[in-house]
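Trainee:
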Amino acid sequence: MSSSVHCQLWMGSLEPYMTENFVIAAFRKMGEDPTTVRLMRNKYTGEPAGYCFVNFATDEKAMDAMHKLNGKPIPGTNPIVRFRLNSASNSYKMPGNEREFSVWVGDLSSDVDDYQLYKAFSSKYTSIKTAKVIIDSSGFSKGYGFVRFGIEDEQQSALYEMNGYIGLGSKPLKICNAVPKPKSELGVALGTSNSNYGYGGSGPTATSSTASSDYTQYYDPSSTYWQGYNAWQNYYDVSTAAADPTSAYYQQSMVQSHSNTQTLAQHAEAWSAQRNAQYEQQNAATASNGGADDEDDSYALVEHKFTLDVDKMNREALDSDRNLYDALESSKWLPLEQLEAY
DNA sequence: CGACGGGACGC
DNA sequence: CGACGGGACGC
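Residues 1 to 342 in full-length UniProt numbering are what the first sequence lists, from first letter to last.
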């Protein structure tokens, strides 16, 4: 039933200089123990095709290596190249007619990686197959990920059991039914029999004519999910906004960027070092100013300075940061009205 | 400024 | 806030 090939990982993002031995050595340096590596090459020219298959003694070792290394820098690469691993599939090109039971996990703090996500779920559910945190081209988490289950009942249970879960990263988790990644635009748009996954459980049976990027049915504000999430969100705001400057900054950046771009806000985390340094400066300024005897004044100062910081960051990004270009390139799915802000 | 182009359902 | 990181099978 499952199409994943036992004991084998697919590895992409290979540079031409990366040989079989280089790949094996890289895994060993990271404490993993692959048996063999097959580097794929162009059939006619013999040039490396940019990916390989990595074999392990057991499926468990393969999955362990995948979750531990995915997204991490490959030893010996300069500039840094990151492990890009997936469970190998012998039916990657076959019609997507396998039901899969996944949850979308949001509100992941930036320190959460695949392995942490995997462990958090596999410690509570027996059928966890894979967990993946989505990262951008610089390796920064986008704050959400996917967890795949082998048993539908467990996936369904996790929808409410893990929603609001505290203990992975620093924020309560947000759980949602995952929409399988479309195999192609046409297949999704037409809702073919092969792509009818019957997103089990909530709402009307999923036979609707969803466009490729229309997820609105899963964001129904009347759903129990949103009610639960709003409760968590309120709790989180009250308990952390004043105490955690990082959180306050982040929420400010979201507000400031509403007329700019969501992707830029996502990339705000890329400047965490800069942000922390500026917060320390702000603290010093506050202290030399006679101290924060009034909490409201202190907080207003934070907001003001952070607002300036965001504008400055935006300008710097437009001038020099290639990440922004990447972000724009990858944000073509955004609705028109958001892109028009550019 | 905006720029590409690989690969495109299932009846 | 948000929906899958570029890449998928030789000998």
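Every residue gets a Cβ at the ideal spot worked out from N, C-alpha and C, and that includes glycine.
As the structure is a computational prediction, the values presented were derived from the model and not from experiment.
Measure the alpha-carbon distance for Val103 versus Val147 and round it to whole angstroms.
Mentor: For the purposes of this step, residue 103 is taken as residue 103 along the first sequence, with counting starting at 1. For the purposes of this step, residue 147 is taken as residue 147 along the first sequence, with counting starting at 1. Val103 and Val147: Cα-Cα distance of roughly 5 Å.
Trainee: Closest by CA to Lys129, which one among Asp111, Ser87, Tyr144, Asp107?
Mentor: The count along the first sequence starts at 1 and reaches residue 129 at position 129. Comparing Cα positions, the closest option is Ser87.
Trainee: Measure the C-alpha to C-alpha separation of Ala65 and Tyr144 and round it to an integer number of angstroms.
Mentor: Position 65 of the first sequence, counted from the start, is the residue given in the question as residue 65. Position 144 of the first sequence, counted from the start, is the residue given in the question as residue 144. Each residue's Cα considered, the two are about 21 Å apart.
Trainee: Taking Tyr125 as the reference, which of Ser141, Val112, Phe101 has the closest Cα?
Mentor: Numbered from 1 along the first sequence, position 125 holds the residue referred to as residue 125. The shortest C-alpha to C-alpha distance from Tyr125 to any of Ser141, Val112, Phe101 is the one to Phe101.
Trainee: Rounded to the nearest angstrom, what separates Glu20 and Phe56 at their Cα positions?
Mentor: Residue mapping note: residue 20 aligns to position 20 of the first sequence, counting from 1. Residue mapping note: residue 56 aligns to position 56 of the first sequence, counting from 1. The straight-line gap from Cα to Cα measures roughly 14 Å.
Trainee: Using only alpha-carbon positions, find the residue among Val105, Ala131, Asp33 that is nearest to Tyr115.
Mentor: To locate residue 115, count along the first sequence from 1; it is residue 115. Taking only the C-alpha atoms, the option nearest Tyr115 is Ala131.
Trainee: Quick one: what's Phe149 bridged to in DSSP?
Mentor: On the first sequence, position 149 is the one that residue 149 refers to. Partner(s): Phe101, Ile128.
Trainee: Drop a sphere of 10 angstroms on the beta-carbon of Ser209, count the other beta-carbons inside from all chains shown, and report buried for 16 or more, exposed for fewer.
Mentor: Sequence index remark: in the first sequence, residue 209 carries index 209 (1-based). Reliability fails at Ser209, whose pLDDT of 35 lies under 50, so the model's placement of it is uncertain and no value is given.
Trainee: Start and end of the beta strand (DSSP E) containing Lys174?
Mentor: On the first sequence, residue 174 is found 174 positions in, with the first residue counted as 1. Where Lys174 is concerned, the enclosing beta strand (DSSP E) stretches over 174-177.
Trainee: Under the three-state reduction of DSSP, which class applies to Glu20: helix, strand or coil?
Mentor: Walking along the first sequence from the start, residue 20 turns up at place 20. Note: Glu20 maps to helix in three-state DSSP.
Trainee: Taking 7 Å as the cut-off, is the beta-carbon of Lys129 closer than that to any non-hydrogen atom of the ligand GTP?
Mentor: Among the components modelled here there is no ligand, and therefore nothing to report on the ligand GTP.
Trainee: Helix, strand or coil for Met162, going by three-state DSSP, please let me know.
Mentor: Here residue 162 is taken as the residue at index 162 of the first sequence, counted from 1. Of the three classes helix, strand and coil, the one that applies to Met162 here is coil, per DSSP.
Trainee: When DSSP builds the beta bridges, which residues end up paired with Phe53?
Mentor: Looking up residue 53 in the first sequence gives position 53. The partner list for Phe53 (beta bridge, DSSP) reads Trp10, Arg38.
Trainee: Keeping to the same chain, check which residues put their C-beta closer than 8 Å to that of Ala273; ignore five residues upstream and five downstream.
Mentor: Against the first sequence, residue 273 aligns to sequence position 273. Note that Ala273 has pLDDT 37, beneath the 50 cutoff, so the model's placement of it is unreliable and the number below is only indicative. So the list is empty, once near-sequence residues are dropped.
Trainee: DSSP three-state label for Ser141, please.
Mentor: What you label residue 141 is simply residue 141 of the first sequence in a count that begins at 1. Here Ser141 sits in strand by DSSP.
Trainee: How would you label Asn90, buried or exposed, when you count the other beta carbons within 10 angstroms and need 16 or more for buried?
Mentor: For the purposes of this step, residue 90 is taken as residue 90 along the first sequence, with counting starting at 1. The residue in question, Asn90, is exposed, as its Cβ has fewer than 16 Cβ neighbours within 10 Å.
Trainee: Measuring only the C-alpha atoms, how far is Lys29 from Ser110?
Mentor: Position 29 of the first sequence, counted from the start, is the residue given in the question as residue 29. Position 110 of the first sequence, counted from the start, is the residue given in the question as residue 110. If you take the alpha carbons of Lys29 and Ser110, they lie about 25 Å apart.
Trainee: Compare the beta carbon distance of Val37 and Val54 with 8 Å and say whether it is the shorter of the two.
Mentor: The sequence position of residue 37 within the first sequence is 37, counting from 1. The sequence position of residue 54 within the first sequence is 54, counting from 1. Contact flag set, yes.
Trainee: Which residues in the same chain as Asn70 place their Cβ atom closer than 6 Å to its Cβ, once the five residues preceding and following it in sequence are excluded?
Mentor: Within the first sequence, residue 70 is the residue found at index 70, counting from 1. Hits under 6 Å: Phe83, Leu85, Asp114.
Trainee: Using CA coordinates, which residue listed in Gln8, Leu159, Arg41, Lys72 is at the minimum distance from Ala26?
Mentor: Position 26 of the first sequence, counting from 1, holds the residue named residue 26. If we check each option's Cα against that of Ala26, Lys72 comes out closest.
Trainee: Taking C-beta to C-beta, are Leu14 and Pro48 nearer than 8 Å?
Mentor: Within the first sequence, numbered from 1, the residue matching residue 14 stands at position 14. Within the first sequence, numbered from 1, the residue matching residue 48 stands at position 48. Yes, the Cβ-Cβ distance between Leu14 and Pro48 is below 8 Å.
Trainee: By the DSSP assignment, the beta strand (DSSP E) with Leu85 in it spans what residues?
Mentor: One-based indexing of the first sequence puts residue 85 at position 85. First-last of the beta strand (DSSP E) with Leu85: 84-89.
Trainee: Contact check, Ser141 vs Leu108 under 8 Å by CB: the rounded distance?
Mentor: As a first step, residue 141 is located in the first sequence; it is residue number 141 there, counting from the start. As a first step, residue 108 is located in the first sequence; it is residue number 108 there, counting from the start. Contact flag correct, Cβ pair sits at about 6 Å.
Trainee: For the candidate residues Thr45, Val105, Arg41, Tyr51, whose alpha-carbon lies nearest to that of Ile166?
Mentor: The residue labelled residue 166 in the question sits at position 166 within the first sequence. Answer by Cα proximity: Val105.
Trainee: Would you kindly check if the distance between the Cβ of Met11 and the Cβ of Tyr51 is under 8 Å?
Mentor: On the first sequence, position 51 is the one that residue 51 refers to. On the first sequence, position 11 is the one that residue 11 refers to. If you check the CB distance, Tyr51 and Met11 come in under 8 Å.
Trainee: From Asp59 to Ala178, what does the alpha carbon distance come to, in whole angstroms?
Mentor: For the purposes of this step, residue 59 is taken as the residue at position 59 of the first sequence. For the purposes of this step, residue 178 is taken as the residue at position 178 of the first sequence. So the alpha carbons of these two residues sit roughly 25 Å apart.
Trainee: Return the chain-ordered list of same chain residues with a C-beta closer than 6 Å to the C-beta of His6, the five sequence neighbours on each side being excluded.
Mentor: Here residue 6 corresponds to residue number 6 of the first sequence, with the count starting at 1. Here the set comprises Asp59.
Trainee: Three-state secondary structure (DSSP) at Ser110?
Mentor: Reading the first sequence from its first residue, position 110 is the one you call residue 110. If DSSP states are grouped into helix, strand and coil, Ser110 belongs with coil.
Trainee: Would you please state the rounded distance, in angstroms, between the beta carbons of Ser127 and Glu161? I believe it to be under 8 Å.
Mentor: Position 127 of the first sequence holds residue 127. Position 161 of the first sequence holds residue 161. Contact doesn't hold; Cβ gap of about 14 Å is too wide.
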